[in-house]
Every structure is written in structure tokens, then in C-alpha cells.
Amino acid sequence: MKILAIDTATEGCSAALLNDDKIISRQEVVPRKHADLILPMLDEILAEAQLSLKQLDALAFGRGPGAFTGVRIATGVIQGIAFGSDLPVVPVSTLRALAQRTFNEYQHEKVLTAFDARMDEVYWAEYALGENEIMQLQGEEQVIAPEHVTLSSSHQQWVGSGSGWAAYSDVLKKAVSAESLTLYTDMITRADEIVTLASHDFAQGISVGAENALPVYLRNKVAKKKSA
Numbered sequence: 026m027k028i029l030a031i032d033t034a035t036e037g038c039s040a041a042l043l044n045d046d047k048i049i050s051r052q053e054v055v056p057r058k059h060a061d062l063i064l065p066m067l068d069e070i071l072a073e074a075q076l077s078l079k080q081l082d083a084l085a086f087g088r089g090p091g092a093f094t095g096v097r098i099a100t101g102v103i104q105g106i107a108f109g110s111d112l113p114v115v116p117v118s119t120l121r122a123l124a125q126r127t128f129n130e131y132q133h134e135k136v137l138t139a140f141d142a143r144m145d146e147v148y149w150a151e152y153a154l155g156e157n158e159i160m161q162l163q164g165e166e167q168v169i170a171p172e173h174v175t176l177s178s179s180h181q182q183w184v185g186s187g188s189g190w191a192a193y194s195d196v197l198k199k200a201v202s203a204e205s206l207t208l209y210t211d212m213i214t215r216a217d218e219i220v221t222l223a224s225h226d227f228a229q230g231i232s233v234g235a236e237n238a239l240p241v242y243l244r245n246k247v248a249k250k251k252s253a
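Just add 25 to wherever you are in the sequence shown, counting from 1, and you've got the working numbering.
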């Protein structure tokens, strides 16, 4: 299986290629430069693997939620490639990718993912490890005020991951009744996990055409940082 994936939903800009059982990837943490970097990254990865687009089975991208501009960049790039190469696309939740990376790096099987959504809200979801060491959604993804977050089950064994925990750690800990929760506040998404999750989904028959490779913002209103 050969899948090319990108992710630009957070501060990180990354691309990854699954070439059978090997992943080739690139990542840079460069806010506001994603549009300049992502296509050269893709070219570099394909050149290293000595593959062309016509040799791929599918494309994948981080569909959001995340930074509006970043999510739009990934969507536009992947749609353009998909239309031009007539390849199917596997959209992957960035919150799921965040949970998967948290498991891959720290072996935590239950992850409370939270991105800072600005406007005093977080993008929130609960993920737990499923078959084949793949993270699966528990409940639903949502944009919510941190004080209104609730857990679908006991807080035991959960860890927190993502920028939402950096911005609202005290409020979120209180909301889930877990003052001693282990946190990974600097964790961001990357294309390595996007392509891993995409390969699992694609094997299950999950993919869409280019016209349906759409972003998931969880809300339509653009958030802006508050001025100091």
C-alpha cells in the first residue's frame, strides 16, 4: 500500500509517505509558512522513494479541526493533487491523529485530546485504543467551553494531550475531576500518524473522491487571538 499524507492543521507542517511497510516523512514547526513548504516537502518525499503520483494508491490529509487557515491549506492541496491524479482521498481527524501520536510515543491507551480553539473554547474528543493499536473515537468530537467538558467514563487511566490543555489546564482538570492528570501540552499532529490512520481506514474501504475531501472545522466562525 502506498499513501501520501499531509497535515497543516497546527503549528507543524508535515508530509509522510507510506511505502508498503516504510514511512518516509518530513516535518517543520513553522507557523504561517505551511503554504510555502508543503509542496516542496511532497516533492522531496516522492523523490526519495523514487515514486510518482500515479504509483500511489491513495492520498490522505488532516481534515481538522485546527487552525482555519492551516486546515484550508491542506484541503486545497490534497484536492488539487487528487483531481489531477485521479486518486481517492482518506480524510483523517486531527484529534484522532493527536491521540494516535500520544499512544505511539508514550503508550497511553486513553487520551483526552484538546486543541485551543480560541474564543474561550476547545476542540475536544476522547479516544481509546482499539484493534491493531489504532485509536478510536469515544462519543463525538466537539467545540466546547472547557468548563462544560464531561467524560463518557471514569477519568482513571486517561491522559490529556494538545494545546487546549496548555491554555485551559486548570479548568479542564476540574471539569473532568482529575487534578493529577498527566498532560502532554506540547503535543501536535504530524503526517506520520495521518498516514498510519489512513492506511487502516483505506484497508477498511474508507475513502472519498476529490470533490468530497472536505475540511471539518467543528464551527464556522473564525476565531482570533484576543489583544493583550
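Every residue, glycine too, gets a C-beta built ideally from N, C-alpha and C.
| query | Rounded to whole angstroms, how far is the Cβ of Val115 from the Cβ of Ala223, which I believe are closer than 8 Å? | reply | Translated into positions along the sequence shown, residue 115 becomes position 90. Translated into positions along the sequence shown, residue 223 becomes position 198. Indeed, because the Cβ distance is near 4 Å, the residues count as touching under 8 Å.
| request: Evaluate contact between the stretch 124-141 and the stretch 173-184, counting only Cβ atoms and requiring at least three cross-stretch pairs below 8 Å. | output: With the cut-off at 8 Å, the stretch 124-141 and the stretch 173-184 touch.
| field | Those residues which DSSP pairs with Ile334 across a bridge | value | Outside the displayed range of the chain (26 to 253) lies residue 334, so it cannot be described from this structure.
| message | I need the straight-line Cα distance from Thr207 to Met144, nearest angstrom please. | response | To locate residue 207, count along the sequence shown from 1; it is residue 182. To locate residue 144, count along the sequence shown from 1; it is residue 119. About 25 Å.
| Buried/exposed call for Ala238, threshold 16 Cβ in 10 Å | Position 213 of the sequence shown, counted from the first residue, corresponds to residue 238. Label assigned to Ala238: buried.
| said: Given this structure, state the Cα-to-Cα distance separating Leu162 from Arg121, to the nearest angstrom. | reply: Here the question's residue 162 lines up with position 137 in the sequence shown. Here the question's residue 121 lines up with position 96 in the sequence shown. The alpha-carbon atoms of Leu162 and Arg121 are separated by roughly 7 Å.
| The alpha helix (DSSP H) with Pro116 in it runs from where to where? | As a first step, residue 116 is located in the sequence shown; it is residue number 91 there, counting from the start. Note, Pro116: premise wrong, no alpha helix (DSSP H); beta strand (DSSP E) at Val114 to Val117.
| query | Which ranges does the beta strand (DSSP E) cover as unbroken runs of at least 3 residues, wholly within the stretch 175-203, from first to last along the chain? | reply | Within the stretch 175-203, the complete beta strand (DSSP E) runs of at least 3 residues are 184-186.
| task | Name the residue from Val201, Phe140 and Leu29 whose alpha carbon lies nearest to the alpha carbon of Ala83. | result | Counting from one through the sequence shown, the residue named residue 83 turns up at place 58. That would be Leu29, whose Cα lies nearest to the Cα of Ala83.
| message | Checking 8 Å against the spacing of the C-beta atoms, do Ala200 and Met160 come in under that value? | response | Numbered from its first residue, the sequence shown carries residue 200 at position 175. Numbered from its first residue, the sequence shown carries residue 160 at position 135. Taking 8 Å as the Cβ cut-off, Ala200 and Met160 do not qualify as a contacting pair.
| Is the Cβ-Cβ distance between Ala139 and Gly189 less than 8 Å? | Numbered from 1 along the sequence shown, position 114 holds the residue referred to as residue 139. Numbered from 1 along the sequence shown, position 164 holds the residue referred to as residue 189. Cβ atoms of Ala139 and Gly189: closer than 8 Å.
| query | Of the residues Glu158, Asp141, Ala74 and Gly95, which one's Cα is nearest the Cα of Asn44? | reply | Residue numbering aside, residue 44 sits at position 19 when the sequence shown is read from its first letter. In terms of Cα proximity to Asn44, the closest of Glu158, Asp141, Ala74 and Gly95 is Ala74.
| field | Rounded distance between the beta-carbons of Ala216 and Asp32, thought under 8 Å | value | For the purposes of this step, residue 32 is identified with residue 7 of the sequence shown, where counting begins at 1. For the purposes of this step, residue 216 is identified with residue 191 of the sequence shown, where counting begins at 1. Going by Cβ atoms, the distance from Asp32 to Ala216 rounds to 5 Å, so yes, they are a contact pair.
| query | Which whole-angstrom value describes the C-beta separation of Ala191 and Thr210, a residue pair presumed to lie in contact below a C-beta threshold of 8 Å? | reply | Locating residue 191 in the sequence shown gives position 166, counting from the first residue. Locating residue 210 in the sequence shown gives position 185, counting from the first residue. Right, their Cβ atoms sit about 4 Å apart.
| task | Report yes if the C-beta distance between Arg97 and Val241 is below 8 Å; otherwise report no. | result | On the sequence shown, position 72 is the one that residue 97 refers to. On the sequence shown, position 216 is the one that residue 241 refers to. In this structure, Val241 does not lie closer than 8 Å to Arg97 by Cβ.
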